[in-house]
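Under the UniProt record's numbering, the first residue of the sequence shown carries the number 1, and numbering increases by one thereafter. Yeah, the Cβ is synthetic: ideal placement off N, Cα and C, and Gly gets one too. In this text the structure is predicted, and so the values were computed from the model without any measurement. The structure appears below as structure tokens.
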Amino acid sequence: MQEIRAVVAMAKDAPVTVETIRVPDPGPGEAVVTVQACGVCHTDLHYRRGGITDAFPFLLGHEAAGVVESVGEGVGSVGPGDFVVLNWRAVCGQCRACERGEPWYCFSTHNAARKMTLADGTELTPALGIGAFAEKTLVHAGQCTKVDPAASPAAAGLLGCGMMAGLGAAINTGQVGRGKSVAVIGCGGVGSAAVAGSRLAGASRIIAVDIDDRKLRWAEGLGATATVNSRQQDAVEAVRELTDGHGADVVIDAVGRPETYEQAFYARDLAGTVVLVGVPTPDMKLPDIPLIDVFGRGGSLKSSWYGDCLPSRDFPMLIDLYQQGRLDLDAFVSEKIGLDDVEEAFERMHDGDVLRSVVTL
């Protein structure tokens with residue numbers, strides 16, 4: 001058992017606080033990781049607001065990289081000293097998705113069984129089973145993916161959630177390839193990663209759509225060939241004009257609202273693909289899209305879960321591309337902050353001032 005400092009959301013909508021928490025020794029199949037960096041993601045803000053569950057108090061943080069300190073019985077995949085990126089989909093290898101060879105859809109992912117607690121023994125709920133706004137955290141060993149230790153922890157950790165979601169939405173779910181046209185609606189962290197992923201995959205046209213010129217400039221720097229401010233132009237008409245009147249082959253909705261999904265639906269070419277990677281709230285419902293349009297336009301309407309990634313396959317590959325200079329993960333690190341600065345980072349993220357604030361330890 002160790003006592004360390006960590007960022008905790010004690011109650012719904014209350015500002016986060018830095019608390020002393022207790023991290024138990026790892027049990028069978030578990031690992032304790034010394035956290036080196038952890039990105040500030042919208043999902044953490046959703047937890048703080050009570051928008052995911054009401055299982056307060058929450059130990060926040062999940063886009064993390066660090067070094068394995070110790071492992072429990074039966075762990076052979078990682079060991080002390082390994083540099084790892086943490087993931088929140090440790091596949092089981094036994095569910096129906098895994099058995100049919102699609103582990104990226106695993107329906108029974110693993111988390112640590114032992115509980116981290118406040119100093120008074122109150123059990124904490126770790127965000128996405130990770131809880132990495134902390135000096136150390138306890139996870140299932142399957143949540144640890146070894147990558148090149150020469151990579152920057154601040155950049156590498158971002159693959160743990162938002163960057164992987166966007167990159168994977170383009171590459172894995174949307175199957176963007178050489179010569180295809182892509183439109184990305186919403187160019188925050190996830191959308192900008194989808195732009196970068198489309199460029200990496202060889203897309204010929206990459207159209208970034210947002211209402212904020214700052215975000216459109218970020219998208220241009222990451223590979224967008226054209227930008228559309230949808231406050232000033234009709235997004236569907238603009239995308240069609242930029243694709244010879246046809247619409248894009250793949251349209252990625254990185255916002256997750258009914259109005260942006262409708263834009264994505266009509267901004268694609270016939271037989272094109274829509275990918276929903278932005279996360280809607282439970283109260284949102286699809287607009288009144290005529291069913292004949294769903295039939296008549298053909299193609300695919302897909303949802304992307306965590307970029308449909310397999311961490312053991314995708315994280316090392318993407319880190320290699322980063323090390324080769326082909327994937328600029330550093331461009332997503334807007335600022336480096338400390339544990340005491342997370343609440344202020346939430347405000348900057350909400351206002352759209354950063355792609356990612358990263359807590360470094």
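Query                                                                                                                                                            : Result
As an exercise, report each continuous beta strand (DSSP E) stretch of at least 3 residues that is fully enclosed by the stretch 223-310, in chain order.        : 226-229, 248-253, 268-276 and 300-303
Check the DSSP bridge columns for Lys136 and list the partner residues they point to.                                                                            : Thr34
Among all the DSSP beta bridges, which residues are the ones paired with His110?                                                                                 : Ala90
Exposed or buried, which one is Ala238 when buried takes at least 16 other CB atoms within 10 Å?                                                                 : buried
Given that a residue counts as buried once 16 or more other Cβ atoms are within 10 Å of its Cβ, and exposed if not, what is Val139?                              : buried
Looking only at its own chain, which residues have a Cβ that is under 6 Å from the Cβ of Leu128, when we skip the five neighbours before and after it?           : His62 and Trp88
So Gly186 and Asp210 are in contact, right, with Cβ under 8 Å, and what is the actual spacing, rounded?                                                          : 6 Å
Taking the alpha carbon of Leu327 as the reference point, which residue from Gly202, Ala119 and Phe133 has its own alpha carbon closest?                         : Gly202
What do you reckon, are the CB atoms on Met349 and His42 nearer than 8 Å?                                                                                        : yes
Taking the alpha carbon of Val359 as the point to measure from, which residue in Ala37, Val190 and Gly51 has its own alpha carbon closest?                       : Ala37
If you compare alpha carbons, which of Thr243, Ala264, Leu118 and His110 is closest to Ile252?                                                                   : Ala264
How big is the Cα-Cα spacing for Ile319 and Gly197?                                                                                                              : 13 Å
Within this structure, are the beta carbons of Thr34 and Gly66 separated by less than 8 Å?                                                                       : yes
Determine, using beta carbons only, whether Val342 and Asp249 come nearer to each other than 8 Å.                                                                : no
I believe Val68 touches Val84 by the beta-carbon criterion, under 8 Å. Please report the beta-carbon distance rounded to the nearest angstrom.                   : 6 Å
Buried or exposed: where does Phe107 fall if 16 or more other Cβ atoms within 10 Å of its Cβ makes it buried?                                                    : exposed
Considering just the uninterrupted stretch of the alpha helix (DSSP H) at Val71, what are its terminal residues?                                                 : From DSSP, Val71 is part of no alpha helix (DSSP H) but of the beta strand (DSSP E) over Glu63 to Val71.
Assuming Glu3 contacts Thr17 (C-beta within less than 8 Å), just tell me the rounded distance between them.                                                      : At roughly 16 Å, the Cβ-Cβ gap does not stay under 8 Å, so Glu3 and Thr17 are not in contact.
Quick test of the definition: if touching needs 3 or more C-beta pairs under 8 Å, does the stretch 165-185 touch the stretch 254-268?                            : yes
Is Leu118 near Pro24, with beta carbons less than 8 Å apart?                                                                                                     : no
Please state whether DSSP places Cys144 in a helix, a strand or coil.                                                                                            : strand
By DSSP, does Ala219 sit in helix, in strand, or in coil?                                                                                                        : helix
From the DSSP secondary-structure annotation, give me the bridge partner or partners of Ala183.                                                                  : Ile207 and Val251
Since Glu3 is in the beta strand (DSSP E), which residue starts that stretch and which ends it?                                                                  : Gln2 to Ala9
Please classify Leu118: does DSSP put it in a helix, a strand, or coil?                                                                                          : strand
Would you kindly work out how many angstroms separate the C-alpha atoms of Ile206 and Thr125, rounded to a whole number?                                         : 39 Å
Quick one: give me the first and last residue of the alpha helix (DSSP H) that Ser192 is part of.                                                                : Gly189 to Leu200
Could you tell me whether the Cβ atoms of residue 400 and Gly27 are closer together than 8 Å?                                                                    : A query on residue 400 cannot be resolved here, the shown segment of the chain reaching from 1 to 361 and no further.
Taking the continuous beta strand (DSSP E) assigned at Thr173, which residues delimit it?                                                                        : Here Thr173 belongs to no beta strand (DSSP E), and DSSP marks it neither H nor E.
Does Asp269 pass the burial test, meaning 16 or more other C-beta atoms within 10 Å, or should it be called exposed?                                             : buried
Is the distance from the Cβ of Ala134 to the Cβ of Ala219 below 8 Å?                                                                                             : no
Can you find the residues in the same chain that come closer than 7 Å, C-beta to C-beta, to Gly79, ignoring five residues on each side of it along the sequence? : Val68 and Val71
Cβ atoms of Ser304 and Ala165: under 8 Å apart, would you say?                                                                                                   : yes
Report the rounded CA-to-CA distance for Ala155 versus Leu286, giving the unit in angstroms.                                                                     : 35 Å
Around the C-beta of Ala55, are 16 or more other C-beta atoms found within 10 angstroms, so that it is buried, or is it exposed?                                 : exposed
As a quick exercise: from Tyr47, Ala31 and Ala150, pick the residue whose alpha carbon is nearest that of Gly76.                                                 : Ala31
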